[in-house]
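All residue numbers for the sequence shown refer to the UniProt record's numbering, where the first residue is 1 and numbers rise by one. Cβ atoms here follow ideal geometry from the backbone N, Cα and C, with glycine treated the same way.
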Amino acid sequence: MRAYFHKLGTTQADDRVIYADPAHPEVTMYAFIPSGDVRRWISLATLSGENQLSYQSLAAVDSPITPLIDTAGSRSEPLHDDGNYTWVLTNIGAPNYRVVRIDLRAPARENWVEIVPEQPDVIDSVTVSGTNLVVSTLHDVTSRVRIIGLDGVAGPTVELPGLGGASDFTGSDTSTTVYYRFDSFTSPSPVMALDTRTGTSTVWKVAEVGFDPSRFVTKQVFVTSKDGTKVPAFIVHRKGVRLNGLNPTLLYGYGGFNISMTAGYSPYRMAWLERGGVYVHANLRGGGEYGKAWHDAGTKLQKQNVFDDFIAISEYLVDKGWTSPSRLAIEGGSNGGLLVGAAITQRPELFGAAIPQVGVLDMLRYHQFTIGAAWAGDYGRSDDSPTMFKYLLGYSPLHNIRPGVDYPATLVMTGERDDRVVPAHSFKFGATLQADNASDNPIIVRVETRAGHGAGTSTEQAIAQTADKLSFLDANLGTAPVVPDPVFLPPRR
Numbered sequence: 001m002r003a004y005f006h007k008l009g010t011t012q013a014d015d016r017v018i019y020a021d022p023a024h025p026e027v028t029m030y031a032f033i034p035s036g037d038v039r040r041w042i043s044l045a046t047l048s049g050e051n052q053l054s055y056q057s058l059a060a061v062d063s064p065i066t067p068l069i070d071t072a073g074s075r076s077e078p079l080h081d082d083g084n085y086t087w088v089l090t091n092i093g094a095p096n097y098r099v100v101r102i103d104l105r106a107p108a109r110e111n112w113v114e115i116v117p118e119q120p121d122v123i124d125s126v127t128v129s130g131t132n133l134v135v136s137t138l139h140d141v142t143s144r145v146r147i148i149g150l151d152g153v154a155g156p157t158v159e160l161p162g163l164g165g166a167s168d169f170t171g172s173d174t175s176t177t178v179y180y181r182f183d184s185f186t187s188p189s190p191v192m193a194l195d196t197r198t199g200t201s202t203v204w205k206v207a208e209v210g211f212d213p214s215r216f217v218t219k220q221v222f223v224t225s226k227d228g229t230k231v232p233a234f235i236v237h238r239k240g241v242r243l244n245g246l247n248p249t250l251l252y253g254y255g256g257f258n259i260s261m262t263a264g265y266s267p268y269r270m271a272w273l274e275r276g277g278v279y280v281h282a283n284l285r286g287g288g289e290y291g292k293a294w295h296d297a298g299t300k301l302q303k304q305n306v307f308d309d310f311i312a313i314s315e316y317l318v319d320k321g322w323t324s325p326s327r328l329a330i331e332g333g334s335n336g337g338l339l340v341g342a343a344i345t346q347r348p349e350l351f352g353a354a355i356p357q358v359g360v361l362d363m364l365r366y367h368q369f370t371i372g373a374a375w376a377g378d379y380g381r382s383d384d385s386p387t388m389f390k391y392l393l394g395y396s397p398l399h400n401i402r403p404g405v406d407y408p409a410t411l412v413m414t415g416e417r418d419d420r421v422v423p424a425h426s427f428k429f430g431a432t433l434q435a436d437n438a439s440d441n442p443i444i445v446r447v448e449t450r451a452g453h454g455a456g457t458s459t460e461q462a463i464a465q466t467a468d469k470l471s472f473l474d475a476n477l478g479t480a481p482v483v484p485d486p487v488f489l490p491p492r493r
């Protein structure tokens with residue numbers, strides 16, 4: 001791994017190497033300047049997400065790079081730097097994270113001053129605003145936000161617009177205003193302006209839409225998984241839904257890479273709800289919703305927990321009368337595509353339709369393609385050990401398709417130019433399903449041309465993908481397109 005300094009207006013031949021670590025080509029380097037504008041910080045991240053922190057003065061390009069934190073298994077992020085002290089968010093000694101102040105003149109750990117102690121709820125993000133820290137935590141997958149001074153003195157608690165996820169906090173040490181996005185399932189995400197002196201938030205910008213969100217209900221349930229773990233899920237539906245087992249239901253999940261799947265607005269999901277469908281949002285182990293232990297419980301030799309959680313929620317929806325197997329569809333992308341693939345190969349009779357998008361579906365060879373080796377921290381590799389090989393083989397979706405089995409209708413989606421999860425995963429999985437499926441349910445492979453893993457998808461492509469997914473669900477779950485009530489349509493301009 002090498003990092004270069006490039007001056008705008010010069011050629012690449014003039015670039016200078018400012019950091020090199022040829023012995024560890026798998027390490028990724030990030031360079032950034034936190035609030036304070038005093039130093040450039042360098043983070044060296046491993047495949048499993050742990051990192052080292054070093055810093056460099058901005059006084060000169062050739063200033064020496066000084067290591068600060070190099071603790072195995074830790075993750076740390078500098079937040080603010082005033083010249084002598086730096087404030088760091090870290091999980092060292094705190095699996096749910098804490099904020100410490102480090103005197104760079106005496107940086108030994110015994111000299112660290114704890115500013116924000118670890119809490120039962122995992123710290124999701126910390127943002128500097130003026131002389132304050134805006135600390136966002138997750139409590140059962142909903143955000144709670146507090147204001148704490150750089151000196152550790154507690155400030156006001158922030159009142160959020162409702163239950164949902166607060167994210168994308170943006171502030172600076174020269175302003176007392178922080179902007180953030182507030183997400184719910186049934187309303188477009190407004191950008192909020194937070195006054196850190198009072199804890200008051202006001203709407204700064206919001207998109208106008210042509211429907212009434214009060215017609216929909218969001219509830220959270222906790223489902224007991226196979227090993228007894230309580231797993232949360234959000235259920236979103238129109239008011240007046242009847243638990244008669246006939247509701248077309250779309251279950252979405254991810255469960256990996258320490259990513260917290262908080263609430264989010266989606267026009268696609270709203271179109272599904274308008275059709276009378278039920279939408280269910282699963283928060284599975286492997287994510288970051290409850291901190292390090294929750295993430296670790298869904299990785300490597302415990303990855304099956306993620307699939308068990310997803311299947312348990314599926315069974316709950318059937319048992320409680322929300323839906324029936326013939327009317328239950330599942331969807332997920334990337335790591336979530338793996339989830340969907342594993343679910344339909346382990347319990348094909350439980351689902352009426354499945355949409356694995358850009359999924360990791362060949363678990364024996366995924367690390368041999370493009371950036372695949374970077375996922376080994378969550379998955380492990382088939383060449384790690386005979387034990388890991390056997391475990392991956394046991395759930396790899398591609399290798400667990402069985403001839404003569406009735407599989408649900410499946411829409412396998414991929415991008416022609418996806419260089420993150422290469423299309424070969426989807427091609428092999430789709431072709432094998434088509435060859436071995438004993439039912440009359442369609443197995444379709446949809447390839448988006450001139451597209452990759454999802455980022456950069458044009459509006460036209462996104463509309464076409466959404467139309468195809470809704471049409472696929474309509475055709476295979478027995479739902480019908482619904483024309484929105486004119487009263488909720490936006491006015492003509």
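- When DSSP reads this structure, Lys205 sits in a beta bridge with Val191.
- Distance check between Ser471 and each of Val100, Leu411, Gly454 and Asp21 places Leu411 closest, using alpha-carbon atoms only.
- According to the DSSP secondary-structure assignment, Lys230 is paired through a beta bridge with Thr224.
- Annotation: Leu138 to Gly404 spans about 45 Å, alpha carbon to alpha carbon.
- Within 10 angstroms of the beta-carbon of Tyr30 lie fewer than 16 other beta-carbons, which makes it exposed.
- Assignment of Arg238 by DSSP, reduced to helix, strand and coil, places it in the strand class.
- Unbroken alpha helix (DSSP H) stretches of 4 residues or longer found wholly inside the stretch 380-428: 386-395, given in chain order.
- Burial check for Phe5: the Cβ neighbour count within 10 Å stays below 16, so the residue is exposed.
- If the five residues before and after Asn258 are omitted, its C-beta is found closer than 6 Å to the C-beta atoms of Gly288 and His295, all from its own chain and listed in chain order.
- Runs of the beta strand (DSSP E) spanning 3 or more residues and lying entirely within the stretch 326-367 occur at 328-333 and 353-357, in chain order.
- Three or more Cβ pairs closer than 8 Å define a contact, and the stretch 238-250 meets that threshold against the stretch 315-325.
- Counting the other Cβ atoms within 10 Å of the Cβ of Phe169 gives 16 or more, which makes it buried.
- Taken through DSSP and simplified to helix, strand or coil, Asn111 comes out as helix.
- Between the alpha carbons of Ser396 and Ala342 lies a distance of about 7 Å.
- In the DSSP assignment, Leu89 forms a beta bridge with Glu77 and Val99.
- With a threshold of 16 other beta carbon atoms within 10 Å, Ala467 falls short and is exposed.
- In this structure, the beta-carbon distance from Leu194 to Thr218 does not fall below 8 Å.
- When DSSP reads this structure, Ser125 sits in a beta bridge with Ser136.
- Residues of the same chain with a CB within less than 7 Å of the CB of Thr299, apart from the 5 flanking positions on each side, are Gly286 and Asp378 in chain order.
- When DSSP states are grouped into helix, strand and coil, Pro64 belongs to the coil group.
- Relative to the Cα of Thr387, the nearest Cα in the group Ser334, Ile33 and Leu301 belongs to Leu301.
- A distance below 8 Å between beta-carbons, with the five flanking residues on each side excluded, links Lys239 to the following residues of its chain, in chain order: Arg215, Phe216 and Val217.
- Pairing Leu398 with Gly337, the inter-Cα distance amounts to about 12 Å.
- Counting other Cβ atoms within 10 Å of its Cβ, Arg16 stays below 16 and is therefore classed as exposed.
- With a minimum length of 3 residues, the unbroken runs of beta strand (DSSP E) contained wholly in the stretch 7-39 fall at 16-20 and 28-32.
- Counted as a single uninterrupted DSSP element, the alpha helix (DSSP H) harbouring Glu274 occupies residues Pro267 to Glu274.
- Taking C-alpha positions only, Ala374 is separated from Gln368 by approximately 10 Å.
- Glu110 is classed as exposed because its beta carbon has fewer than 16 other beta carbons within 10 Å across all chains shown.
- Boundaries of the alpha helix (DSSP H) around Ala293: Lys292 to Asp296.
- By the beta-carbon neighbour count (other beta carbons within 10 angstroms, threshold 16), Glu77 is buried.
- Every unbroken stretch of the alpha helix (DSSP H) spanning 4 or more residues and falling wholly within the stretch 294-324 is given here in chain order: 304-319.
- For Glu118, no alpha helix (DSSP H) run applies, since DSSP gives it neither H nor E.
- Contact annotation: Ile123 and Asn96 have beta-carbon atoms nearer than 8 Å.
- Taking a C-beta distance under 8 Å as the contact criterion, Ile147 and Val134 qualify as a contact pair.
- Between the stretch 259-270 and the stretch 187-204, the count of Cβ pairs shorter than 8 Å is three or higher; the stretches touch.
- Inter-residue distance for Gln220 and Gly359 is about 27 Å (C-alpha atoms, whole angstroms).
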